[in-house]
Amino acid sequence: MPMNTRAITSRIEPLVPAFILVVLAAPVIPAYEALLFDETWYVPAARRFLDSHVYERVEHPPLGQLLISAGILLLGDNPRGWRTPSLAFAAASLILTYYVAGELSKRRIVALTSSMLLASEKLFFTFSTIGVLDMFFIAFSLLSVYAALKGRVIPSALALAAGLCCKLTAVLFLPVILLILFIGKSKNPETSMGEKILAAAKWLVLTVASFLVFLYLFDGLYSAADGAEEAVIRNPIRHVSHMVGIHTSGNWPSGYGEPPWTWIIQPRNYYLGGVSLIGNGPFETLNPFIYGLTFIAMPHSLWSSIRTRDPKSTLSWAWFTSTYVIWIPLYFVVQRPLFSFYLLPAIPIMCSTAASFLNGDRRTQCLFAVLNLTFFLLFQYPMRMVISGM
């Protein structure tokens, strides 16, 4: 391949999965005119900020809610306004997944396959088309991971701090990034362990400090609904304590959560049922290509980590554990329901590990990605809803 063509291809390639996602998601976003799932909380809160600057959902950080407000301000109080910010950040997440997978595998085709798998994963696709907070914190967290892989401590800390300002769930990436700083790439390949520990400590302090500063600044854009909430949002430490207290309290209704071990084998459908081209209950949510290969690839990654101390395998398993496996023991500890969309932060590394496990040539990787996309379009993409809306 000529050098100029190769350079152009290397620049276009990361954008291909994002382009596919946007093309597929664009007609889905306006197809549902009613508020979906947790949009019933966040969209009214975004509207209220635009109307009166009141902070309605103080149990979550402000940045993600402000991004939904920005969508409404730019595109109107309609499905496009509520949901387009999620799609924009989902597209960014695909590009970042490409670069993260590329750093881990050192193979462009594995990076492309990883991003293509993520673009056609049902849960990720669904949340890219609804106005909730998850795509925001995932994009910032992936940016933090990529910056850490490149040895850029300060940008990584600032990115995770921004993710925490969207949703506290970004804290699940904290051990992942600390591990990267210990075993991953640094600007100097001869960096000692002491220097790595110092870099990790610097990153941690900067992340916490940046988060508190960002939280204070974003909270300052709001006014409180009452005096008690005013005291909360004017002190970032108190606001963090308030958010953690609400999400760990035992005041949640019981009986409507999902055990973590069912999130992979029996995922929930967050769209209306029966909207795919080929109606099939199990396949409407379960992806045998990604989830099936994960059951093989992740244990293999753990084994490789133990046997060879391969940094890539260690990071893959640690990421999967920190963002998914951790919920299994927590299910028996926390007194609140857990939901299958909590799997979202783990899906990028599931896709990357599955693509790396294939370890085939370009043709094999492309065939697997195309088969997965075809499966998604036939069994999971809400084609009937899109057609009915035309």
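In the numbering used here, the protein residues as written are 668 to 1057.
Backbone N, C-alpha and C fix where the C-beta goes; we use that ideal spot for every residue, glycine too.
For clarity, every value in this text was computed on a predicted model and none was experimentally measured.
Same chain only: Cβ atoms within 6 Å of residue i, ignoring 5 sequence neighbours per side
i, result
"Ser853", "Legend: pLDDT at Ser853 = 47, less than 50; position of this residue unreliable, no value from coordinates given."
"Gly830", "Phe804, Phe807, Ser808 and Ala837"
"Pro903", "Leu879, Leu882 and Tyr883"
"Leu960", "Ala1021"
Cβ separation of residue i and residue j, assumed to be a contact under 8 Å, to the nearest whole Å
i, j, result
"Val721", "Ala892", "5 Å"
"Arg774", "Ser677", "So it is not a contact: roughly 13 Å between Cβ atoms."
"Ser989", "Pro842", "5 Å"
"Tyr938", "Thr793", "6 Å"
"Phe987", "Ile963", "With a Cβ gap of about 13 Å, Phe987 and Ile963 do not count as contacting."
Where the alpha helix (DSSP H) through residue i begins and ends
i, result
"Ser968", "Ile957 to Thr975"
"Phe807", "Asp801 to Leu816"
"Glu770", "Pro746 to Ser772"
"Leu982", "Pro978 to Phe987"
"Lys789", "Lys789 to Phe794"
"Ile903", "First, the amino acid is wrong: residue 903 is Pro here, not Ile. Note, Pro903: alpha helix (DSSP H), Pro903 to His914."
"Phe1042", "Arg1029 to Phe1046"
"Ser823", "Val820 to Cys833"
"Trp928", "That residue, Trp928, is in no alpha helix (DSSP H); it is neither H nor E in DSSP."
"Thr1020", "Ile1014 to Leu1025"
"Pro996", "Trp994 to Tyr998"
Candidates the options, of which the one nearest residue i by Cα
i, options, result
"Lys863", "Ala815, Cys833, Ala829 and Leu888", "Ala815"
"Trp970", "Pro1012, Trp984 and Thr961", "Trp984"
"Thr929", "Leu1010, Leu871, Phe849 and Asn918", "Leu1010"
"Ser1007", "Leu702, Leu865 and Thr952", "Thr952"
"Val907", "Gly769, Tyr766, Arg1051 and Lys834", "Lys834"
"Asp1060", "Gly769, Ile797 and Pro729", "Past the edges of the chain, shown from 668 to 1057, lies residue 1060, and the structure says nothing about it."
"Ile913", "Gln933, Ala868, Ile735 and Pro1004", "Pro1004"
"Gln1032", "Gln732, Leu703 and Thr780", "Thr780"
Nonlocal neighbours in the same chain, by C-beta distance under 7 Å from residue i, ignoring five residues either side
i, result
"Leu784", "Ile957, Cys1018, Ala1021, Ala1022, Ala1036 and Asn1039"
"Leu761", "Pro684, Ala685, Leu688, Ser782, Leu785 and Ala786"
"Pro746", "Ile696, Pro697, Tyr699 and Glu700"
"Ser795", "Leu688, Ala692, Ser753, Leu754, Ala757 and Met802"
"Thr874", "Ala824, Leu827 and Ala828"
"Leu740", "Leu717"
"Leu742", "Gly748 and Thr751"
"Ile679", "none"
"Ala759", "Ala806"
"Ile1014", "Leu785, Glu788, Leu790 and Phe791"
"Gly924", "Pro1004, Leu1005 and Phe1006"
Strand pairing of residue i, partner residues [DSSP]
i, result
"Val721", "Ser890"
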